[in-house]
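Structure first, then comments.
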Amino acid sequence: MPGPSAPPCSNLVPIVLALGIFAWPGCSAPVREVAVGMQVPAAAGAVACVDPVAARIGALVLRDGGNAVDAAVATAFALAVTWPEAGNLGGGGFLLLRQADGAATFIDYREMAPAAASKDMFLDANGEVDRYHVRLGYRPVGVPGTVAGLWLAHERYGRLPWARLLAPAIALAAEGVTVRPALARSIAEAAAELALDAEAARIFLRADGAAPPAGERLVQSDLAATLRSIADEGADAFYRGAVAQRLVAASRAQGGRLTAADLAGYRALARDPLRGSYRGLEIIAGPPPTSGGQVLLESLQQLQGFAMSELAAGSPAELHLLAEVLRRSFLDRARHLADADFVAVDVASLIDEANAARWRANIDPHHASRSDAIAGDLDGTLPPEGGHTTHFSVIDADGNAVTNTYTLEEAWGAKVVAPGTGFVLNNEMHDFNVTPGRSTRSGRVGTRPNEIAPCKRMLSSMCPVIVCRDGRPYLIAGSPGGRTIPASVLRVLTGVIDHGLSLREAIDLPRIHHGLYPDRIAHERSLPEATRAALIAMGHALHQEDTQGDCHAIGVDAATGQYLAVADRRRDGAAAAVIDDP
Ligand code: DON
Numbered sequence: 026m027p028g029p030s031a032p033p034c035s036n037l038v039p040i041v042l043a044l045g046i047f048a049w050p051g052c053s054a055p056v057r058e059v060a061v062g063m064q065v066p067a068a069a070g071a072v073a074c075v076d077p078v079a080a081r082i083g084a085l086v087l088r089d090g091g092n093a094v095d096a097a098v099a100t101a102f103a104l105a106v107t108w109p110e111a112g113n114l115g116g117g118g119f120l121l122l123r124q125a126d127g128a129a130t131f132i133d134y135r136e137m138a139p140a141a142a143s144k145d146m147f148l149d150a151n152g153e154v155d156r157y158h159v160r161l162g163y164r165p166v167g168v169p170g171t172v173a174g175l176w177l178a179h180e181r182y183g184r185l186p187w188a189r190l191l192a193p194a195i196a197l198a199a200e201g202v203t204v205r206p207a208l209a210r211s212i213a214e215a216a217a218e219l220a221l222d223a224e225a226a227r228i229f230l231r232a233d234g235a236a237p238p239a240g241e242r243l244v245q246s247d248l249a250a251t252l253r254s255i256a257d258e259g260a261d262a263f264y265r266g267a268v269a270q271r272l273v274a275a276s277r278a279q280g281g282r283l284t285a286a287d288l289a290g291y292r293a294l295a296r297d298p299l300r301g302s303y304r305g306l307e308i309i310a311g312p313p314p315t316s317g318g319q320v321l322l323e324s325l326q327q328l329q330g331f332a333m334s335e336l337a338a339g340s341p342a343e344l345h346l347l348a349e350v351l352r353r354s355f356l357d358r359a360r361h362l363a364d365a366d367f368v369a370v371d372v373a374s375l376i377d378e379a380n381a382a383r384w385r386a387n388i389d390p391h392h393a394s395r396s397d398a399i400a401g402d403l404d405g406t407l408p409p410e411g412g413h414t415t416h417f418s419v420i421d422a423d424g425n426a427v428t429n430t431y432t433l434e435e436a437w438g439a440k441v442v443a444p445g446t447g448f449v450l451n452n453e454m455h456d457f458n459v460t461p462g463r464s465t466r467s468g469r470v471g472t473r474p475n476e477i478a479p480c481k482r483m484l485s486s487m488c489p490v491i492v493c494r495d496g497r498p499y500l501i502a503g504s505p506g507g508r509t510i511p512a513s514v515l516r517v518l519t520g521v522i523d524h525g526l527s528l529r530e531a532i533d534l535p536r537i538h539h540g541l542y543p544d545r546i547a548h549e550r551s552l553p554e555a556t557r558a559a560l561i562a563m564g565h566a567l568h569q570e571d572t573q574g575d576c577h578a579i580g581v582d583a584a585t586g587q588y589l590a591v592a593d594r595r596r597d598g599a600a601a602a603v604i605d606d607p
């Protein structure tokens, strides 16, 4: 994959496309355009994400000679404008790249605890979690990683100029985006808490405090200025320049712990991904500080010993197995997983066959286990998770693949915007175990590895993954959904790999999750009644959620052998692909 260089065309006259976005014209016949839909053939490169405008921006980058990393960078910046509940500059995430030659890199741009963080910083005088400060305002804000992560990815692997990749996002922020129904709903749901912060309210709410309706124009002038400074000066504009000063001033004024040194000291890190295999396919996934790879690979390794393909996808017997392997993987997660730069984490021994065989031996294929019975000294429950984070998948014409999940933690993060910056800040500190030594059966984990420490990265569940067959990407996937993320990814992978479903069918399957505690299967509303009854008869408690996750993915179309980019319907996503202009 070539490193940074000028666009592959000397005639760099910008043209204005329908979106009001500047792009470099293609320089070789045939003329190429971009097609957007819920499912698009992707032989010449594609992006699948939560938003059609951002997907198209990424695909235009591919059309104009950018590679998968360029498209990912442009898509990520665009989503920060079009999908600000989760697309972000003020959060963090993980970008997994697999180059066409097989080399793979995991870019960890997870947020980091400020140096002044302490393990009991969210406990009140009675030792209880302070429910306001753990979620809202400046105290739950981790040092943002997104700009550093995208910068690092581009510096190492990008081909088009950095400023070219930010230009579409700048134009969208300055000129305004049309509020889509999904965004209108999202703002409305968060309006009461966004209203607590004058700057967030000024940008995202109407003067009377109401959320803007679908169809209204959302202009984000301060965000445009911030993006412009990042385009001109690079990541330093964010971590050392005026943006950093504004973040620190607002944090200090409102009881946060961010300092200039925290921002200047933040580094995105290139790590070796985890690698495993399932039914002969290679699985490339994320190492700590995410648990996504561990939970996914450990679950797959357990499933490998069951004849999954003999069970119907979504049948009670099959869902029971998914729940049981997830239950056990989540126990190992709670006991061991954390930022491996701070605590020793032997992921290899968790995802290996010996551990899988040990767990398989105590799975009853017909009856639910009890979490208490396997958890031993861990008494715990994990808090419910919303669905607010966002995932996108990219492939380019050369076969370079990027899978990226990034987040503010909750939708709209901490619901604060530092004056003049234009973007929402994360509340990712909430992902640490904030009640040291105390786990609960409702889902709170207080185990030691993931306790807060200065400059440590909080444990994540995000699970960007690339599956390869015969040395080529076969499936590129990931999802939002907090602790349900590995379960959503597992559902899609097993749907395709074990059951031979098309990617569309696998994405559409009803999803379930088991996270050890609460000791119950969370399931989507779409799970059939008869299936629910059968699971209850096996001894499972059930809990209904509307939907789980949002998996925008790229796979291989069995009919044509070509790549196909497929958007998840759960949040009206879109796929955009480069096509020859008819
Ligand atoms: O890193 C994580 O795992 C979470 N902060 C992601 C949050 C998420 O997906 C939002 N929904 N729960």
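Be aware that the sequence shown starts at 26, since it is given in my numbering, and climbs by one per residue.
Yeah, the Cβ is synthetic: ideal placement off N, Cα and C, and Gly gets one too.
Note that the structure is a prediction, hence the values are computed from the model and not measured.
- The three-state secondary structure of GLN270, taken from DSSP, is helix.
- Shown here for TRP384: same chain residues with a beta carbon closer than 6 Å to its own, the five before and five after excluded, namely GLN327, ARG353 in chain order.
- Counting every other CB atom within 10 Å of its CB across the protein chains shown gives VAL459 a total of 16 or more, marking it as buried.
- When DSSP states are grouped into helix, strand and coil, MET137 belongs to the strand group.
- With contact defined as three or more Cβ pairs closer than 8 Å, the segment 472 to 484 and the segment 299 to 310 are not in contact.
- Under DSSP, the beta-bridge partners assigned to GLN569 are HIS548.
- In the DSSP assignment, ALA73 falls within the unbroken beta strand (DSSP E) covering 70 to 74.
- Between GLY234 and PHE448, the alpha-carbon positions lie close to 18 Å from each other.
- In the DSSP annotation of this structure, the continuous segment of the beta strand (DSSP E) that includes HIS416 starts and ends at 415 to 421.
- A straight-line Cα-Cα distance of about 16 Å links ASP377 and GLY317.
- Looking only at TYR588, ALA601, ALA256, the smallest Cα-Cα distance to ASN425 is reached by TYR588.
- Judged by pairs of C-beta atoms under 8 Å, the segment 90 to 107 touches the segment 187 to 201, as three or more such pairs exist.
- For the alpha helix (DSSP H) assignment, the uninterrupted runs of no fewer than 4 residues enclosed by the segment 458 to 546 are, from N- to C-terminal side, 510 to 522, 528 to 533.
- For LEU272 against PRO139, the beta-carbon gap comes to about 11 Å, at or over 8 Å, which does not count as contact.
- Contact annotation: the segment 318 to 337 touches the segment 497 to 515, with at least three C-beta pairs closer than 8 Å.
- Here DSSP, grouped into helix, strand and coil, assigns GLY174 to helix.
- Remark: the shortest separation between the CB of MET137 and any heavy atom of the ligand DON does not fall under 7 Å.
- Exclusion of the five residues before and after HIS392 leaves MET563, GLY564 as the residues of its chain whose Cβ lies within less than 7 Å of its Cβ.
- In terms of Cβ geometry, TYR134 and ALA293 form a close pair [threshold 8 Å].
- GLY580 and GLN573 have their C-alpha atoms spaced approximately 20 Å apart.
- Straight across, the Cα-Cα distance linking ALA225 with ALA439 is about 10 Å.
- Under the 8 Å Cβ criterion, the segment 216 to 224 does not count as touching the segment 174 to 184, having fewer than three qualifying pairs.
- Distance from the CA atom of ALA125 to the CA atom of VAL427, rounded to whole angstroms, is 11 Å.
- The nearest non-hydrogen atom of the ligand DON is less than 7 Å from the C-beta of HIS413.
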